[in-house]
Amino acid sequence: MVKYDEAFKQNVVDAYLAGEGGFSTVAKLFGIPSPSNVERWVHAFKTFGREGLSRKKRNRHYSVQFKLDVLNYKLRTGESYQTTASAFGLHDSSIIVGWMEKWRKEGMTGLSRPKGRPSMSNKANKQNKKSKKLTREQELKKENELLRAENVYLKKLRASGINIPSRLRKQNHESSMNSEENSD
Numbered sequence: 035m036v037k038y039d040e041a042f043k044q045n046v047v048d049a050y051l052a053g054e055g056g057f058s059t060v061a062k063l064f065g066i067p068s069p070s071n072v073e074r075w076v077h078a079f080k081t082f083g084r085e086g087l088s089r090k091k092r093n094r095h096y097s098v099q100f101k102l103d104v105l106n107y108k109l110r111t112g113e114s115y116q117t118t119a120s121a122f123g124l125h126d127s128s129i130i131v132g133w134m135e136k137w138r139k140e141g142m143t144g145l146s147r148p149k150g151r152p153s154m155s156n157k158a159n160k161q162n163k164k165s166k167k168l169t170r171e172q173e174l175k176k177e178n179e180l181l182r183a184e185n186v187y188l189k190k191l192r193a194s195g196i197n198i199p200s201r202l203r204k205q206n207h208e209s210s211m212n213s214e215e216n217s218d
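Residue numbers for the sequence shown follow my numbering, so the first one is 35 and each next one is one higher.
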């Protein structure tokens with residue numbers, strides 16, 4: 035994948051805004067293989083100014099609740115991924131696409147799992163096991179927090195009239211059945 039510098043992106047955006055052609059024409063003019071790059075850069079420039087064209091150097095970590103808010107907005111409004119990203123100040127809409135896929139496949143656990151490949155170093159693994167060893171109470175608190183967030187999210191989906199994925203409906207139905215059995 036080719037990385038374009040900020041000055042090049044600015045030239046491309048300026049050419050588009052000057053009316054030298056549409057996304058495809060400007061992409062061909064500058065030798066860019068995909069017009070979607072031009073479209074993304076123009077949108078980022080219009081939304082965030084020159085800062086939208088710069089590459090972000092640091093990784094951002096988003097809370098599970100923030101991810102749920104973004105996904106809820108996307109599903110409730112039916113806006114495009116790019117428009118949703120702009121509404122929440124995200125420069126790259128592909129982040130939301132990834133969150134949506136993880137949420138549909140794995141639910142809340144997919145959104146709460148750290149990204150990236152785990153370290154292969156034995157030393158790092160031993161340190162992680164020692165420092166990340168949670169007490170039973172801490173594990174239950176974490177699970178409770180995730181379940182509460184999922185519950186709030188599902189309530190928002192129901193209230194806005196959006197269909198809840200069958201995987202989640204079955205999961206909720208089973209858990210409510212189990213709680214009914216346990217209450218007898």
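Where is the CB? At the ideal position from N, CA and C, for every residue including glycine.
In the DSSP assignment, Phe100 falls within the unbroken alpha helix (DSSP H) covering 98 to 111. In this structure, Trp133 lies away from Lys176, with their beta-carbon atoms at least 8 angstroms apart. As the crow flies, the alpha-carbon of Val47 is around 41 angstroms from that of Val186.
In terms of Cβ geometry, Tyr107 and Val131 do not form a close pair [threshold 8 angstroms].
For Asn197, no alpha helix (DSSP H) encloses it, and the DSSP letter there is neither H nor E. Between the region 120 to 127 and the region 67 to 87 there are three or more inter-stretch CB-CB distances shorter than 8 angstroms, so the stretches are counted as touching. For Trp137, the closest alpha carbon among the candidates Val98, Gly86, Phe122 is that of Val98. For the set His95, Pro69, Gly65, the Cα lying nearest the Cα of Arg147 is the one of His95. The Cβ neighbour count for Ala61, taken over all protein chains shown within 10 Å, is at least 16; the residue is labelled buried. Going by DSSP, Gly132 is part of the alpha helix (DSSP H) stretching over 128 to 140.
The three-state reading of DSSP puts Tyr115 in helix, counting H, G and I together.
DSSP places Asp48 inside the alpha helix (DSSP H), whose first and last residues are 40 to 51. Between Leu109 and Leu191 a beta carbon distance of about 7 angstroms is seen, short of the 8 angstroms cut, so the two are scored as contacting. Shortest Cα-Cα distance from Thr59 to any of Gly83, Pro69, Gly195 involves Pro69. Counting every other CB atom within 10 Å of its CB across the protein chains shown gives Ser120 a total of 16 or more, marking it as buried.
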